[in-house]
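Down below is the structure, laid out as structure tokens.
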Amino acid sequence: MSTATPSATAPAPRSAGSRFTRWLGDNVVLLVGLLVLLYMFTPVFVVILMSFNDPAARNSYSFDGFTLDNWTNICGPLGMCEALRVSIEIGVLATLVATLLGTLMAFAMVRHRFRGRAAANIVIFLPMATPEVVMGSSLLALFVNGGVSGLLGFWTILIAHIMFCLSFVVVTVKARLAGLDPRLEQAAMDLYANEWQTFWRISFPLVFPGILAAALLSFSLSFDDFIITNLNAGQEVTFPMFVWGAAQRGIPAQINVVGTIMFLIALAAVVAGDVLARRRAGR
Numbered sequence: 053m054s055t056a057t058p059s060a061t062a063p064a065p066r067s068a069g070s071r072f073t074r075w076l077g078d079n080v081v082l083l084v085g086l087l088v089l090l091y092m093f094t095p096v097f098v099v100i101l102m103s104f105n106d107p108a109a110r111n112s113y114s115f116d117g118f119t120l121d122n123w124t125n126i127c128g129p130l131g132m133c134e135a136l137r138v139s140i141e142i143g144v145l146a147t148l149v150a151t152l153l154g155t156l157m158a159f160a161m162v163r164h165r166f167r168g169r170a171a172a173n174i175v176i177f178l179p180m181a182t183p184e185v186v187m188g189s190s191l192l193a194l195f196v197n198g199g200v201s202g203l204l205g206f207w208t209i210l211i212a213h214i215m216f217c218l219s220f221v222v223v224t225v226k227a228r229l230a231g232l233d234p235r236l237e238q239a240a241m242d243l244y245a246n247e248w249q250t251f252w253r254i255s256f257p258l259v260f261p262g263i264l265a266a267a268l269l270s271f272s273l274s275f276d277d278f279i280i281t282n283l284n285a286g287q288e289v290t291f292p293m294f295v296w297g298a299a300q301r302g303i304p305a306q307i308n309v310v311g312t313i314m315f316l317i318a319l320a321a322v323v324a325g326d327v328l329a330r331r332r333a334g335r
């Protein structure tokens with residue numbers, strides 16, 4: 053008696069539509085990420101393109117022709133470079149002061165327990181959560197009631213920028229400190245390192261990426277701020293205020309050059325940090 057063995061049936065070939073559907077399902081996260089990046093960087097690409105624009109009229113916002121004159125004559129618009137200098141000076145000073153004070157505050161709030169610590173954590177978030185128009189008007193009222201209404205300018209802007217940058221520095225450095233393994237410092241102390249040596253050779257190098265990130269964030273926030281600055285600037289003109297004033301008459305193409313330069317500097321800083329981190333990891 054012979055038994056029939058069922059023949060193996062070959063799988064039916066998949067159609068092009070099913071293959072595309074499977075590929076789409078496997079790469080949907082990547083595609084969404086690329087679309088989000090494209091959406092985010094489209095304005096940057098437009099700024100770079102318009103930095104080479106030769107506008108047919110002052111109030112023209114279309115690409116009318118290619119030129120390098122905007123790059124060779126950056127300070128062509130009257131008062132632009134002076135406003136840029138003021139913004140850079142305020143940004144650098146505010147970053148230095150806010151980073152120093154914020155780093156010390158972050159170490160104190162993470163490493164020490166004291167009365168009012170929970171309240172201090174809440175107060176730190178207030179400048180970040182408060183609308184800028186409210187903060188700017190409150191600072192203006194403070195300066196006016198303090199008798200310095202006639203001295204509004206560089207120093208009042210600097211005080212305001214340090215105040216709102218301080219919160220971002222504390223939060224950023226605190227996040228870095230929270231992820232720091234305390235056993236590394238204990239191991240250094242076990243190897244007869246004193247507290248000063250442990251801080252500079254173990255703690256500070258590990259926390260430095262957070263401090264650097266906080267400093268870069270502070271400078272970006274200070275350089276970019278308009279609302280708080282406008283309310284407390286007096287007769288001083290910063291770069292965002294110059295851009296706002298120029299927009300009433302037609303934005304000069306040199307403003308796009310400044311934006312492109314700032315973007316390239318930020319990109320170079322990020323790439324340099326990534327290269328250094330990879331070299332450190334390789335060692």
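Those letters in the sequence shown? Residues 53 to 335, by this note's numbering. Ideal Cβ placement from N, Cα and C applies to all residues, glycine included.
6 Å CB neighbourhood of Ala321 in its chain, flanking five on each side removed: none
Given Val295 as reference, the closest of Ala212, Met132, Glu247 and Ser255 once Cα atoms are compared: Met132
Residues bridged to Asn105 (per DSSP): Phe118
Ser70 classed as buried or exposed, judged by whether at least 16 other C-beta atoms fall within 10 angstroms: exposed
Sequence ranges, alpha helix (DSSP H) only - wholly within the stretch 201-234, length at least 4: 206-230
Span of the alpha helix (DSSP H) around Cys133: Cys133 -> alpha helix (DSSP H) spans Met132 to Arg163.
Inter-residue Cα distance where the pair is Leu148 and Ile142: 10 Å
Residues near Ala158 in its chain [Cβ-Cβ closer than 7 Å; skip 5 each side]: Val222, Val225, Lys226 and Leu229
Cβ pair Asn284, Phe195 closer than 8 Å: yes
Reduced DSSP category for Thr182 - H, G, I as helix; E, B as strand; rest coil: Of the three classes helix, strand and coil, the one that applies to Thr182 here is coil, per DSSP.
Ile176 versus Thr73: straight-line alpha-carbon distance, rounded: 49 Å
Nearest neighbour of Pro261, chosen from Ala329, Ile317, Ala160 and Asp116 [CA to CA]: Ala329
Alpha helix (DSSP H) segment containing Pro129, residue limits: For Pro129, there is no enclosing alpha helix (DSSP H), as DSSP marks it with neither H nor E.
Which of helix, strand or coil DSSP assigns to Thr290: coil
Same chain only: Cβ atoms within 6 Å of Pro292, ignoring 5 sequence neighbours per side: Phe278
First through last residue of the alpha helix (DSSP H) which encompasses Gly198: Annotation: Gly198 is outside any alpha helix (DSSP H) and is labelled neither H nor E by DSSP.
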